[in-house]
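Chemist: Start counting the sequence shown at 1; every next residue gets the next number (the UniProt record's numbering). Every residue, glycine too, gets a C-beta built ideally from N, C-alpha and C. Note that this is a predicted model, so its numbers are computed, not measured.
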Amino acid sequence: MSVEALYKVILYPFINESLASLKAMTNLVGEAGDAFVDSVDDFRFKGYAVCSEVTGGLDGVIMMHHYPETAIAIGNSVCEHMFEEKYQFTEINEELSNALAEWGNTIVGRSTDLHGRYSLDYKFSSPYFVHDVNDMDKYLVGVTEVITVPITIEGVGRYYFNLLIRNVEYQSVGIKREASTGISNPHTKVLPLESKILLVDDSGMIRKALKRYLSQLGYNNVIEADDGSTAVIMVEEEKPDFMFMDVVMGQLNGDLALAKIRDNGSNVPVVMLSSVTDQALIKSCESMGISGFIFKPIQADNGAQIIKDYLKIA
1 MSVEALYKVI
11 LYPFINESLA
21 SLKAMTNLVG
31 EAGDAFVDSV
41 DDFRFKGYAV
51 CSEVTGGLDG
61 VIMMHHYPET
71 AIAIGNSVCE
81 HMFEEKYQFT
91 EINEELSNAL
101 AEWGNTIVGR
111 STDLHGRYSL
121 DYKFSSPYFV
131 HDVNDMDKYL
141 VGVTEVITVP
151 ITIEGVGRYY
161 FNLLIRNVEY
171 QSVGIKREAS
181 TGISNPHTKV
191 LPLESKILLV
201 DDSGMIRKAL
211 KRYLSQLGYN
221 NVIEADDGST
231 AVIMVEEEKP
241 DFMFMDVVMG
251 QLNGDLALAK
261 IRDNGSNVPV
271 VMLSSVTDQA
281 LIKSCESMGI
291 SGFIFKPIQA
301 DNGAQIIKDY
311 LKIA
């Protein structure tokens, strides 16, 4: 199972929206840590959680999970930001519960709307809230994997996103479990080794991996961008000879960045990367002149070969 793939496809929209809503609704600043696999046997309830059941191609639970003190701090901040009054509650009371519910509903609503734009075979329930440690056991029944992403709030503490997985049908949720494949590059001329290559992905882990694969192939003139907006600027300023660009990113998705790059008159060869294999998205990118589409995840044992297959120009 690829932690990175499940993180990007399922968890990422929730994490991204939680950070945006945290800033907008509390003026607090959060930062997401790296995704990792948690032990099911050691998983413990922290005290307060906003949950949404996932059904269909993925059977499990999305959980936004807080220690009580973190939930209280966030609830107080939501109230303060909404009412411009100082709130100093020390327990989760009705007022804080309402504030946390508003924050949680905003995150789940926006995130599930983003998921709904893709033709993926899973759906989410309306959010609900868990306060009692005794309620947690029932959510762990049948769970085989827990993927966790910590969120650190500056000056406050942490909360966590957990994806409790009972079962995944990889193809239906847009994840390729076997060796990564995609839409091939139709060109035949090999990209010269001295070419400047731009990597665009909001995952530092993915950029690091791609850079390593390129180095193994002899390509060392590599520059990086962590979102689509930066990529548009770098194409103008750096004039790369080739690009690899992710689709789902925080500030500007890759397909929209590609449209801007083409509108600006650049014909730089671009290979798109995505864990989401939505056909409408692929066709949209193809209509803007891409040089292939790689379906992630890309693994260490085949990454260099896959990348090599796409490093061709007209």
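Within this structure, are the beta carbons of Asp-38 and Thr-152 separated by less than 7 Å?
Modeler: Within the sequence shown, numbered from 1, the residue matching residue 38 stands at position 38. Within the sequence shown, numbered from 1, the residue matching residue 152 stands at position 152. Not a contact, by the Cβ cut-off of 7 Å.
Chemist: Could you tell me the distance, in whole angstroms, from the CA atom of Glu-237 to the CA atom of Phe-129?
Modeler: By 1-based counting over the sequence shown, the position of residue 237 is 237. By 1-based counting over the sequence shown, the position of residue 129 is 129. Near 48 Å, if we compare the C-alpha coordinates of Phe-129 and Glu-237.
Chemist: Thinking C-alpha only, which one of Leu-140, Gly-157, Ala-71 and Ser-229 is nearest residue 343?
Modeler: Residue 343 lies beyond the stretch modelled for the chain, which goes from 1 to 314, so this question has no answer here.
Chemist: Take the Cβ of Lys-176 as the centre, count every other Cβ of all protein chains shown within 10 Å, and call the residue buried at 16 or more, exposed below.
Modeler: Along the sequence shown, read from residue 1 onward, the residue named residue 176 stands at position 176. For Lys-176, the predicted model reports a pLDDT of 46, less than 50, meaning its position is unreliable; a value from the coordinates is still stated below. Answer is buried; the Cβ neighbour count reaches 16.
Chemist: Would you list, in sequence order, the uninterrupted alpha helix (DSSP H) runs of no fewer than 4 residues that lie entirely inside the stretch 114-150?
Modeler: Taking only runs of at least 4 residues, the alpha helix (DSSP H) segments lying wholly in the stretch 114-150 are 136-140.
Chemist: If you count every other CB in all the chains shown that lies within 10 Å of the CB of Gly-218, and 16 or more means buried, which is it?
Modeler: Counting from one through the sequence shown, the residue named residue 218 turns up at place 218. Gly-218 should be labelled exposed.
Chemist: Less than 8 Å between the CB atoms is what I'm expecting for Trp-103 and Ser-52, so what's the real figure, rounded?
Modeler: Indexing the sequence shown from 1 puts residue 103 at position 103. Indexing the sequence shown from 1 puts residue 52 at position 52. Contact flag wrong, Cβ pair sits at about 14 Å.
Chemist: Nearest-angstrom Cα distance between Ser-18 and Ser-125?
Modeler: Numbered from 1 along the sequence shown, position 18 holds the residue referred to as residue 18. Numbered from 1 along the sequence shown, position 125 holds the residue referred to as residue 125. Their backbone Cα atoms lie some 17 Å apart in a straight line.
Chemist: Considering Ile-74, what are the terminal residues of the alpha helix (DSSP H) in which it resides?
Modeler: By one-based count along the sequence shown, residue 74 stands at place 74. Here the alpha helix (DSSP H) through Ile-74 covers 68-83.
Chemist: Which term fits Lys-189, buried or exposed, when burial requires 16 or more other beta carbons within 10 angstroms of its beta carbon?
Modeler: The residue given as residue 189 occupies position 189 in the sequence shown. That one is exposed.
Chemist: Reducing DSSP to helix, strand and coil, say where Phe-14 ends up.
Modeler: Here residue 14 is taken as the residue at index 14 of the sequence shown, counted from 1. Of the three classes helix, strand and coil, the one that applies to Phe-14 here is helix, per DSSP.
Chemist: Determine the extent of the beta strand (DSSP E) in which Tyr-87 is found, giving its start and end residues.
Modeler: Indexing the sequence shown from 1 puts residue 87 at position 87. Note, Tyr-87: premise wrong, no beta strand (DSSP E); not H, not E.
Chemist: Going by beta-carbon coordinates alone, are Met-234 and Arg-262 separated by less than 7 Å?
Modeler: As a position in the sequence shown, residue 234 is number 234, starting the count at 1. As a position in the sequence shown, residue 262 is number 262, starting the count at 1. Taking 7 Å as the Cβ cut-off, Met-234 and Arg-262 do not qualify as a contacting pair.
Chemist: Go to Met-234, then tell me how far its alpha helix (DSSP H) extends in each direction, as first and last residue.
Modeler: Translated into positions along the sequence shown, residue 234 becomes position 234. Element bounds for Met-234: 228-238.
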